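Be aware that the sequence shown starts at 25, since it is given in my numbering, and climbs by one per residue.
Single-structure report; data block below.
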Amino acid sequence: MKIIDRWNEFMGPKDERLTAEANRCAAVGYAILIIGSALCLYYGIMLNQVAETTGHPLLTPLGQSVFPVDTALLIIILASGLISTYLQVRSGTFDTHTRIAQSDRIPWDYVALVSLLCGLGLGVTTTVMRILAEVQIVGVENVTWGGDIAMGIVYFTLAFFLAFGLFAATFHSAIDRRRQLERELEE
């Protein structure tokens, strides 16, 4: 809990208006995610049911011709995240803490920290998931440890630079939008 308290102390108090706006944007993304995931799950159940009742197993060339459930789920996840982020940027908000929300310039330290966390998260997850998959498929004695770690490093690097660029662009856009909204309110 101390680390959260120190983080909140560093970031400053939360702005109630920004919190309400961020919650609204998150609620839209959450609704898209929940409804879309439920529809994908139901679609997967129907695919399996039809395949079993008609005697056409999905793990054959026929299964290659149907629209895959995992692709539909990926589209839903991306759409929910991108729409929620778009709504936040359009409203001129990106964070509810005053240190970030009221900044007139891009907080490079925050962008670098979040990008580092994104990179570490993806790099470590990729490495661990690859190792787990290899252990299950080829056995622990045939795991390519060096290759898996190298792939994790590549994914870390890609995620870091992609997150850095996207966060910087998002902050820039949100700051510009906030300034535009402030000018409109003054008129």
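Quick reminder that beta carbons are idealized off the backbone N, C-alpha and C, glycines included.
These numbers come from a predicted model, not from an experiment.
Could you say which of the options lies nearest to residue i if we only look at CA atoms?
| i | options | result |
| --- | --- | --- |
| E158 | A75, I173, S197 and I69 | I173 |
| F188 | G176, T150 and C142 | C142 |
| V148 | Q160, G176 and M70 | G176 |
| D128 | M70, V178 and A192 | A192 |
| S108 | A51, L144, V74 and L63 | A51 |
| I130 | R202, C64, P85 and L156 | R202 |
| W4 | L65, V138 and A183 | Residue 4 lies beyond the residue range present for the chain, which begins at 25 and ends at 211; the question has no answer from this structure. |
| L106 | T194, E211, D29 and D200 | T194 |
| V113 | H196, N72, M70 and E211 | H196 |
| V167 | M153, Y179, F185 and P92 | M153 |
| L140 | L190, E33 and L156 | L190 |
Rounding to the nearest angstrom, what Cα-Cα distance links residue i and residue j in this structure?
| i | j | result |
| --- | --- | --- |
| I27 | E76 | 52 Å |
| E165 | A136 | 38 Å |
| P81 | G87 | 7 Å |
| W169 | T151 | 9 Å |
| L205 | S115 | 8 Å |
| C64 | V162 | 31 Å |
| I101 | I58 | 9 Å |
| Y67 | T78 | 16 Å |
| M70 | A198 | 42 Å |
| P85 | R48 | 44 Å |
| D200 | G171 | 43 Å |
| A46 | Y54 | 12 Å |
| A183 | V90 | 31 Å |
| F180 | L146 | 6 Å |
| N72 | A103 | 25 Å |
| D29 | V74 | 53 Å |
| I56 | R207 | 32 Å |
Quick one: give me the first and last residue of the alpha helix (DSSP H) that residue i is part of.
| i | result |
| --- | --- |
| N166 | Note, N166: premise wrong, no alpha helix (DSSP H); not H, not E. |
| T109 | V93 to R114 |
| S127 | No alpha helix (DSSP H) contains S127, which DSSP labels as neither H nor E. |
| V74 | E40 to T78 |
| P81 | Element bounds for P81: n/a, residue is neither H nor E. |
Can we say the region 80 to 99 touches the region 37 to 53, given the rule of at least three CB pairs closer than 8 Å? The region 37 to 53 and the region 80 to 99 do not touch, with fewer than three beta-carbon pairs separated by less than 8 Å.
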